[in-house]
Amino acid sequence: MQDAIWLNANIATMRDGSPYGAIHDGVLAVESGRISWVGPRKEWQGQVRVEHDARGAWITPGLVDCHTHLVYAGDRAEEFELRLKGATYEEIARAGGGIVATVRSTRAATEDELLATAQGRLQQWVREGVTVVEVKSGYGLTLEAELRMLRAARRLKGITVRTTFLGAHALPEEYKDRSDEYIRAVCDEMLPAAAHERLVDAVDAFCERIGFSPDQTARVFDTAKRHGLPVKLHADQLSDLGGAALASRYGALSADHLEYSSEMGIKAMAHGGTVAVLLPGAFYFLREKKLPPVDAMRRYRVPIALATDHNPGSSPLSSILLVLNMACTLFGLTPEEALAGVTRNGALALGMQDSHGMLDAGKQADFALWQVKTPAELAYAIGANPCAQVVRAGQIQPIAS
Ligand code: NIG
Ligand code: FE
């Protein structure tokens, strides 16, 4: 006896082999929070406690936002104004603004305050069918404040959370001109303590002229490896420091941004099994011109994931559906590649491919119902939200309007 089925549905399983892995007039069955069967209605047989009529909706896997900085305090609207008057993101960062400005406000916030603001923001993700979100630290930059961010992230409700330690996000003011010393504190104190408290699913760093050097990044990654933690990297966003290749050498789950990555970097990612996470929100909001090498990613068969990169400085973007549209209009992805980027490949970028990202028997029953005629509409529309229902671990989620 199955717990429930959804019928009268078209199902974008996102399995390989056919466009969207589509099943027309399909049935999806759920038992004990997992998908127990998915296939064409005419092949369905079995007994079930509850039948849900999807009324012709499309069902996709629950969406995965694999790169966010959702926990922080304050905003950076003034910095946006400065940039529109001609200052660049890098200039603002070097003048003590940028990430470090958010660090000041985040340090001043309590764990409960950080949780409450992040929880409020998160409603928009759930409304748009997101069931898994990754959340990074990196606006605390002291042991205590980094732990506070991670603890707040782990307390978020209504969504599955993966936390990433990003102590090497920016150099805090008190370490001015002493970046090696700060990296030592990250490696010797902060990361071990966060790992010990079991607050860390992965370790990230910002490898950039205004972030940390490849050498410093490697030290952070070596420490992560010693703790048995997978790594990810903010790589080649504003310049090519060889971040894509560096991440791949460590078998990183993902390298993210990648606008300035070389073809060699992308080739290295293919060897390292590293997912390319594209963040069109940051590209758009920083008014970047250099496009990520999408053709090389396709040629070397590097899986492409997409994410909001939600943060107050470079991507104050709260819509994963808008990310799909931007990935198509700005980066030339197809709507199917875009949907794969927030399902199958988003899960891969978090190491969650066994349980998430596709609709297949045995996977967690995370899915969303959409009032669309084709799945391409999810990327096509701008500012619409056709999400009709969100199911996580087999449970229909309450959606605040
Ligand atoms: O992913 N690049 C570094 N980190 C963020 C921006 C953080 C900020 O500006 O506050 C990013 O774009
Ligand atoms: Fe980021």
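The numbering used here puts the first residue of the sequence shown at 532, with every later residue one more than the last.
All C-beta atoms in this analysis are idealised placements derived from N, C-alpha and C, irrespective of residue type, glycine included.
Residue nearest to Tyr815 in terms of C-alpha spacing, selected from His758, His841, Thr662 and His700: For the options His758, His841, Thr662 and His700, the alpha carbon positioned closest to that of Tyr815 is the one of His841.
Distance, Met721 Cα to Leu674 Cα: If you take the alpha carbons of Leu674 and Met721, they lie about 5 Å apart.
Presumed contact (8 Å Cβ cut-off) between Arg580 and Met532, rounded CB distance: Yes, they are in contact, since the Cβ atoms of Arg580 and Met532 sit about 6 Å apart, within 8 Å.
For Asp584: DSSP bridge partner residues: Residue pairing of Asp584 in beta bridges, as defined by DSSP: Leu538.
Endpoints, beta strand (DSSP E) assigned at Leu900: Start and end: Phe898 to Trp901.
Whole-Å CB distance - Gly774 paired with Leu764, under 8 Å assumed: Going by Cβ atoms, the distance from Gly774 to Leu764 rounds to 6 Å, so yes, they are a contact pair.
For Asp826 and Phe898, the rounded distance between their alpha carbons: Going from the Cα of Phe898 to the Cα of Asp826 covers about 30 Å.
The ligand FE heavy atom lying under 8 Å from the CB of Ser846: Yes, the ligand FE has a heavy atom inside 8 Å of this Cβ.
Heavy atom of the ligand NIG within 8 Å of Tyr620 beta-carbon: True, at least one ligand heavy atom lies under 8 Å from that Cβ.
Proximity to Lys667 [Cα-Cα], best of Asp735, Ser785 and Asp767: Checking every option, the nearest Cα to that of Lys667 belongs to Asp735.
Gly557 (DSSP reduced to helix, strand or coil): In the structure shown, Gly557 sits in a strand (DSSP, three-state: E or B).
Ordered list of alpha helix (DSSP H) runs contained in the segment 814 to 845, each at least 4 residues: Within the segment 814 to 845, the runs of alpha helix (DSSP H) at least 4 residues long that lie entirely inside it are, in chain order, 825 to 830.
CB contact flag (Ala838, Asp885, <9 Å): Not in contact: Ala838 and Asp885 (Cβ atoms no closer than 9 Å).
Euclidean distance between Cα positions of Ala924 and Ala701: So the two alpha carbons sit approximately 36 Å from each other.
Buried/exposed call for Pro834, threshold 16 Cβ in 10 Å: By the Cβ-count criterion, Pro834 is buried, with 16 or more other Cβ atoms from all chains shown falling within 10 Å of its own Cβ.
CB of Leu900 within 9 Å of CB of Ile590, strictly: A distance below 9 Å separates the beta carbons of Leu900 and Ile590.
Exposure of Asp596, with buried meaning 16 or more beta-carbon neighbours within 10 Å: By the C-beta density criterion, Asp596 is buried, having at least 16 other C-beta atoms within 10 angstroms.
Three-state secondary structure (DSSP) of Gly882: Collapsing the DSSP output to three states places Gly882 in coil.
Stretch-stretch touch, CB-based, cutoff 8 Å, three pairs: the segment 636 to 648 with the segment 709 to 728: Below 8 Å, too few C-beta pairs join the segment 636 to 648 and the segment 709 to 728 to call them touching: fewer than three.
C-beta contact flag for Thr748 and Cys718 at 9 Å: Against a cut-off of 9 Å, the Cβ pair of Cys718 and Thr748 comes out as no contact.
beta-carbon Ala626 near the ligand NIG non-hydrogen atom, thresh 8 Å: Incorrect: Ala626 has no Cβ contact closer than 8 Å to the ligand NIG.
Buried versus exposed, by CB contacts within 10 Å (16 or more), Leu789: Buried.
Cross-strand partners of Ile690 (DSSP beta bridge): Paired residues: none, contrary to the question.
Lys573 versus Gly587, Asp556 and Ala560, residue with shortest Cα-Cα distance: Per the Cα distances, Asp556.
Beta-carbon gap between Val661 and Gly564 smaller than 9 Å: For Val661 and Gly564, no; Cβs fall outside 9 Å.
Candidates Pro843, Asp891 and Ile851: closest to Tyr911 by CA position: Checking every option, the nearest Cα to that of Tyr911 belongs to Ile851.
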